[in-house]
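Note that the sequence shown covers residues 2 to 276 in the numbering used here.
Comments concern the structure below.
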Amino acid sequence: MKALVRWGATLGLVGSTLLGTVFVGNAPVLALSEQQIKEKLDSVPVYVITNEKGLPLSRPLPEAQNGQKPGGSVTGVYLSRQEAQAFINELRNAKGKDPKMEQMVKSLQVTALPLGVIYEQLQQSKNQPNRLVFAFKPVEQEIKGAMDLLRQSGQKVEQFKSVPIFAVRFAPDQGYVPIKLNSDKEQLIPLFLSKQDAQGLLNQVKPKFPKADIQVIDVDGVIKTLQDKNDDWLKQVVLVPSQESREYIKTLPGNNAPKTPAANGNNSRPAAPKK
2 MKALVRWGAT LGLVGSTLLG TVFVGNAPVL ALSEQQIKEK LDSVPVYVIT NEKGLPLSRP
62 LPEAQNGQKP GGSVTGVYLS RQEAQAFINE LRNAKGKDPK MEQMVKSLQV TALPLGVIYE
122 QLQQSKNQPN RLVFAFKPVE QEIKGAMDLL RQSGQKVEQF KSVPIFAVRF APDQGYVPIK
182 LNSDKEQLIP LFLSKQDAQG LLNQVKPKFP KADIQVIDVD GVIKTLQDKN DDWLKQVVLV
242 PSQESREYIK TLPGNNAPKT PAANGNNSRP AAPKK
């Protein structure tokens, strides 16, 4: 629950990110620890379906090819609260359920968790035979947006198997676009869960950097880079939730996030690039 309340502080950062000023330059920072990785992931809410006891709805993993049961189970992790609720509604509207199933379905609810909590569970249970496996359910619209961008860049893709992340670059052969918040001197590199949000930053950059584009990566690649690389700029990375999730964060109890440029719309101005 503490992590949920911390989203309030994160929201102040996220709102500013969307209308923050584009800033070129790098500041010296330190490499990331495991705790710092978790804290970055905590800025993104994900949604699981739970019963009245708070336990996630899960199913046994399929048998391996040799016929042996792996012993674990799998649960869905949604990037959209609305899509998680839609799945519950589908189960409730299904015909021919037995009375026990009928009662179980009535108790289902959508529970929000920080992505960092899922990451922490995966790290702690990765060598356990009876572990709970998390199957991510990306937003269909973002999957389509990611595949469209990949095809526009000349890649042949039939499906996207992970959660897409959108990053804005100065050019295909140059670095990511950092931003500088008006209220802070810290430079940040936003990685968006929404193509629309990335497009908003790209529109700000394009007039001065015509070759700027959106790169499609995935959440697995982001996490692996944060784990394996020792590059200073990774400290600047911030994950930006979708608009739907940002609106949900505002409703959380104890959320006293300050007003941001996204809400005010009048305290953002372009910054001159550093030479």
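All C-beta atoms, glycine included, are put in the ideal place defined by N, C-alpha and C.
How about A213 and L192: are their beta carbons less than 8 Å apart? no
What are the start and end residues of each continuous beta strand (DSSP E) run of 3 or more residues lying completely inside the stretch 176 to 233, in chain order? 188 to 193, 214 to 219
Validate contact between the stretch 233 to 253 and the stretch 82 to 92 using beta carbons, cut 8 Å, 3 pairs: yes
Going along the chain, which residues of its own chain have a beta-carbon closer than 7 Å to the beta-carbon of V164, five neighbours each way excluded? L80, F137, P139, D219, V220
For L194 and P242, believed in contact at Cβ under 8 Å, the rounded distance: 6 Å
Just to confirm, is the Cβ distance from L189 to P173 under 8 Å? no
Terminal residues of the continuous beta strand (DSSP E) containing Q110? 110 to 115
Ends of the alpha helix (DSSP H) at L240? Where L240 is concerned, there is no enclosing alpha helix (DSSP H), although the beta strand (DSSP E) it sits in stretches over 238 to 241.
Per the DSSP calculation, V169 is bridged to which residue(s)? I215
Is the stretch 38 to 47 in contact with the stretch 93 to 105, if contact means three or more CB pairs nearer than 8 Å? no
Between the alpha carbons of R60 and K181, how many angstroms are there, rounded? 45 Å
Own chain partners of L31 with C-beta closer than 8 Å, once the 5 adjacent residues on each side are dropped: The predicted position of L31 is uncertain, since its pLDDT is 43 and thus under 50; no value can be drawn from it.
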